[in-house]
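As structure tokens, the structure follows; a few thoughts come after it.
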Amino acid sequence: MERIWQDLRYACRTLSHSPGFLAVSVVTLALGIGANTAIFNLINAVMLRALPVPHAEQLVLLTDPASSFIAADTLETGERSLLAYPEFTELRARAGGMFSGLFAAQSTLSDLDMQTSRGGPGQSTKTHTQLVSGEFFGVLGIQPAIGRFFTPAEDKVPGANPVAVLSYGFWQREFGGDPRVLSETIRLGQSTFHVVGVGPRGFHGILAGSEADVWLPITMQAQVLPGRDYLNPHDVLWLQSMGRLAPGISRPAAEAGINVVLRQVAREWLAPMMNQTERRRLEDQKIVLKDGARGASALRAQFSDPLVMLMAMVGLVLLIACANIANLTLARGAARQREIGIRLALGAARRRIVRQLLTESLLVALAGGVLGTILAAWGTDLLLALVSAGIDHVAIEFTRDYRVFLFTAAVSLSTAILFGLVPAFGATRVDINRALGGSARGGSGSRGHIRSGRVLVVVQVTLSLLLLMGATLFLRSLHNLFTQKLGFERDHLLMVSLDPLSAGYKPASRSGLYQRVREKLRAVPGVRSVSLSNTAMFGGDSGDHISIDSPPAHPPGAMTSAWTLAGPDYFKTAGIPLLRGREMDASDAARGAQVCLINESFVRYFFPNGDPIGKHVTDEYPTTRETYEIIGVVADARERRLRGRQESRFYANLFHPIGELRSVVFLLRTSPEAAGIGDAVRHAVGEIDRSIPILSIRTVNEQIDRRLIIPRLIAELSTFFGGLALLLAAIGLYGVMSYAMSRRTSEIGLRVALGASHGAVVWMVLRELLWLVGIGVAIGLPCSYALGRLVSSSLFGITPADPVSISIAVTVIVAVTLVAGFLPARRASRIDPMRALRWE
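Quick note on numbering: the sequence shown equals residues 160 to 999 in this note's numbering.
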């Protein structure tokens, strides 16, 4: 122990004599360690952290890997929502032997205005609410901070028990932690609820990355979401279900049992209205039980792969940083050869000196780790801002748990070994006689240090090229995604989403409302054309199994199509070309005509050899059948997704909808000079009925931006890390060349004395540097292609061997290399030959 303290004291004294080396090393390491810690902190919060509940490993998620149909009202989490409420109640009643408890929860959070009994008139707070079944708290095994939780008995009769449980954080923020909150009532929507309890501290719900403020009984759905009936229909899939496995029951056994129950329930409900093909599809549907310890998470599904890619990138940055510091340590070791020679001559063991040098490296790594942790806190906030841009209800809690601490400690220790071990062994391989004689300069040890430095330069160039290639590919892919031809005119296209159900409008009165709103919006200055549809562009999508007149030879499972409900002038407003036939008009809307248009892909797939005009499409919705006459063909347009193949789609009459239409989006084509039109739109809707909620007003380009969050995150961060890697590599190149030139002072002086020009000396140095860069590029290009193949699914419009990306990356590497090497070369060319020869 005493020797360790001696090593630490001596290392502190030695490092204090080299403040420049210490500062550069610590900052370089801090950048690498900070970037790694920030990314890992986000990975830990989104992907690794378990729910703060007892025995979380017993929890399972009920998920659906391949739903038999796409319901219009599916509310998706990262693990696909599976259940309608009647389906959940049947599974809960029949699956008791497989689970000790089963609960369901609304798969997204609802934003509701809340008023409290202590607040003044008109004072409201936006809250994130979630409807959950009465078993929610019991199955999770959590205890209230104060009060109680509502029970399964209070979740039996629809609308009978207006009780609420607050989250701990919401209680602290809005009520100051006042225990008298249990006597409070809160008003959500049009209903008043009694607060009966507060959840435990640190529990935010089962949707990882999203924080619920208030939990309500699921049977209060009609009061919380008025105008909607989610409790009775069998085709409204809106619930995420979780369960706790019964003692002694394995996950495979529970999965097999729940699927038997699922098929029984489905046969009882749907068999009377199904044909043989549909029954066969029913047999194929399946529930998959997934690990529920970490809860459900849309963020996890969206960001898992990007975060892993970013973790690999910052790992490469850290390797470059380690190579940089190893270069500095090699140069510093060469300068300490006389000191080390004396210690060896006095009898010091080589391993003793290596341990001393490693102690210095550990201190540098420790300082870098501490500073990196500080930088990681800032970097984590930046990452959260990037992740949450355009995503609702993001609430990621970054706690410094043991994983983050162990990760930072492991990274710091690994870096100390990476940049300290080889230089430490190299520094102890000295010729004692040469070192004591003061002629170590230019000896074999120095040449070995130079060779090692050059190897590290090649490594840095190779790793930098990997990062630059990745950044260039992702940037070009993002550009291709945003600038691709979508098949319609995206500019000056505004979407206004309305919720007439919450305002109490019944199905019979909505058609008239839509017509009045459309006429009012058409009168807004700057609006050229108005139409409407059931969903926003690049929002949700719908699709079903279909049948057509004279179907082609496709298997039954391939008879599917996406669909959109559209109003008059939809294609004119959106800018989608009409190829044949006619568009739906006001007369079709007025009489609710059963007409539709189809796109080119629909024609190619279902009518490859015939004229589709006048033919019929039947949507085989699970509970209804709607048949539409085809009146026109329109060009393919990417209205829903930016990637993937163009799907077959038919556009049905919104005024004769498929199922019940629960929301509507008005599409406005505006003039280029129209500004501030959102206020005019709100005023126009308010003149008709101020109680109609306007859910959003957003341009199509803004909506596309929201869909490109992940590609933009990858492109921006990969560019930042690529630039950081390039800066570190440039510093390393400059250091190696400066050190090499200082060891070759006499050689260069002799060349100048024999008549070599300044340009010749500069070219000699740069040529040597270009050789190193050429070797790094030669190694890096095939590695870049291999890594490009791994991330090819994240690219769009380019290949991993994209020549433009390769040219850009190589050009940047060579340019930065020449700049980094020119200064040492220029300084070397100005050596005074007489002084250089006398110095030697």
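Note that beta-carbon positions come from the ideal geometry of N, C-alpha and C, so glycine has one too. As the structure is a prediction and not an experimental result, all values here were calculated from the model.
May I have the straight-line CA-CA distance separating residue 813 from residue 695, to the nearest angstrom?
If I take the Cα positions, the gap works out to 14 Å.
Going by DSSP, which residues form a beta bridge with residue 717?
Assignment of beta-bridge partners to residue 717 by DSSP yields no partner.
Close beta carbons around residue 246, own chain, < 7 Å, minus the five adjacent residues each side
The residues are 393 and 424.
Hey, out of 328, 514, 453 and 174, whose CA is closest to residue 370's CA?
In this structure, 328 is the residue among 328, 514, 453 and 174 with its C-alpha nearest to the C-alpha of residue 370.
Comparing C-alpha positions only, which one of 761, 922, 200 and 767 sits nearest to residue 470?
Minimum Cα distance to residue 470 is reached at 200.
Helix, strand or coil, according to DSSP, for residue 778 in the structure here?
Looking at residue 778 - three-state DSSP - the assignment turns out to be strand.
May I have the straight-line CA-CA distance separating residue 225 from residue 444, to the nearest angstrom?
In this prediction, residue 225 has a pLDDT of 46, which is less than 50 and means its spatial position is unreliable; nothing more can be read from the coordinates.
Residue 235 in three-state terms, based on DSSP
Any reading at residue 235 must be qualified, since the residue scores a pLDDT of 36, below 50, and its modelled position is unreliable; the value itself is stated next. Looking at residue 235 - three-state DSSP - the assignment turns out to be coil, as it is neither helix nor strand.
For residue 955, name the three-state secondary structure that DSSP assigns.
Shown here, residue 955 sits in coil according to DSSP, grouped into three states, outside any helix or strand.
Residue 275: first and last residue of the uninterrupted beta strand (DSSP E) it sits in
Here the beta strand (DSSP E) through residue 275 covers 269-275.
Let me know if residue 978 comes out buried or exposed under the rule of 16 or more other beta-carbons within 10 Å of its beta-carbon.
With fewer than 16 Cβ atoms within 10 Å of its Cβ, residue 978 is classed as exposed.
Here's a check: name, in chain order, each residue in its chain whose Cβ is nearer than 7 Å to the Cβ of residue 273, leaving out the five neighbours to either side.
So the qualifying residues of the chain are 283, 284, 286, 345, 346 and 347.
Look at the alpha carbon of residue 820 and the alpha carbon of residue 337, and state the distance between them as a whole number of angstroms.
One C-alpha to the other measures close to 43 Å.
Straight-line Cα distance separating residue 266 from residue 378:
Answer to the nearest angstrom: the Cα atoms are 15 Å apart.
Give the range of the beta strand (DSSP E) segment to which residue 785 is assigned.
785-793 is the extent of the beta strand (DSSP E) around residue 785.
Selected residue, minimal CA-CA separation from residue 778, among 801, 818, 326 and 796
Distance check between residue 778 and each of 801, 818, 326 and 796 places 818 closest, using alpha-carbon atoms only.
With respect to the beta strand (DSSP E) encompassing residue 152, which residues constitute its N-terminal and C-terminal limits?
Because the chain is modelled from 160 through 999, residue 152 falls outside the range shown and cannot be assessed.
Could you tell me the alpha carbon to alpha carbon distance between residue 737 and residue 389, rounded to whole angstroms?
Cα to Cα, the separation comes out at about 37 Å.
If you reduce the DSSP assignment to three classes, tell me which class residue 689 lands in.
Residue 689: strand per DSSP, three-state reduction.
If you draw a straight line from the alpha carbon of residue 375 to that of residue 869, how long is it in whole angstroms?
Distance between the alpha carbons of residue 375 and residue 869 is about 33 Å.
Check for me: the beta strand (DSSP E) holding residue 753 runs from which residue to which?
Annotation: residue 753 is outside any beta strand (DSSP E) and is labelled neither H nor E by DSSP.
On the premise that residue 616 lies in contact with residue 891, defined as a C-beta separation below 8 Å, what is that separation, rounded to the nearest angstrom?
Contact between residue 891 and residue 616 holds: their C-beta atoms lie close to 6 Å from each other, under 8 Å.
What are the complete beta strand (DSSP E) segments, minimum 3 residues, inside the segment 827-903?
If we require 3 residues or more, the beta strand (DSSP E) runs fully inside the segment 827-903 come out as 853-858.
Extent of the continuous beta strand (DSSP E) run through residue 245:
Residue range 244-253 is occupied by the alpha helix (DSSP H) that includes residue 245, with no beta strand (DSSP E) assigned at that position.
According to DSSP, residue 347 sits in a beta bridge with which residue or residues?
In DSSP, residue 347 forms a bridge with 273 and 350.
Determine whether the beta carbon atoms of residue 194 and residue 538 lie at a separation below 8 Å.
Contact flag set, yes.
Give the DSSP-derived three-state secondary structure of residue 258 in the structure shown.
Strand at residue 258.
Inter-residue CB distance, residue 356 and residue 303 (contact presumed, cutoff 8 Å)
Contact between residue 356 and residue 303 holds, since their C-beta atoms are separated by about 4 Å, short of 8 Å.
Inspect the beta-carbon positions of residue 342 and residue 372 and report whether they are closer than 8 Å.
No. Outside cutoff.
What three-state label does DSSP hand residue 810 in the structure shown?
The three-state secondary structure of residue 810, taken from DSSP, is strand.
When you compare only the Cα positions, how much space is there between residue 164 and residue 171?
Taking the CA atoms as reference points, residue 164 sits about 11 Å from residue 171.
Starting from residue 317, trace the alpha helix (DSSP H) both ways and give me its first and last residue.
Where residue 317 is concerned, there is no enclosing alpha helix (DSSP H), because DSSP gives it neither an H nor an E.
Buried or exposed: where does residue 249 fall if 16 or more other Cβ atoms within 10 Å of its Cβ makes it buried?
Buried, by the Cβ-count rule.
Delimiting residues of the alpha helix (DSSP H) encompassing residue 666
Residue 666 -> alpha helix (DSSP H) spans 666-681.
Segment limits, beta strand (DSSP E) that includes residue 763
From DSSP, residue 763 is part of no beta strand (DSSP E) but of the alpha helix (DSSP H) over 759-765.
Three-state class that DSSP yields for residue 649 in the structure shown:
In the structure shown, residue 649 sits in coil (DSSP, three-state: anything other than H, G, I, E or B).
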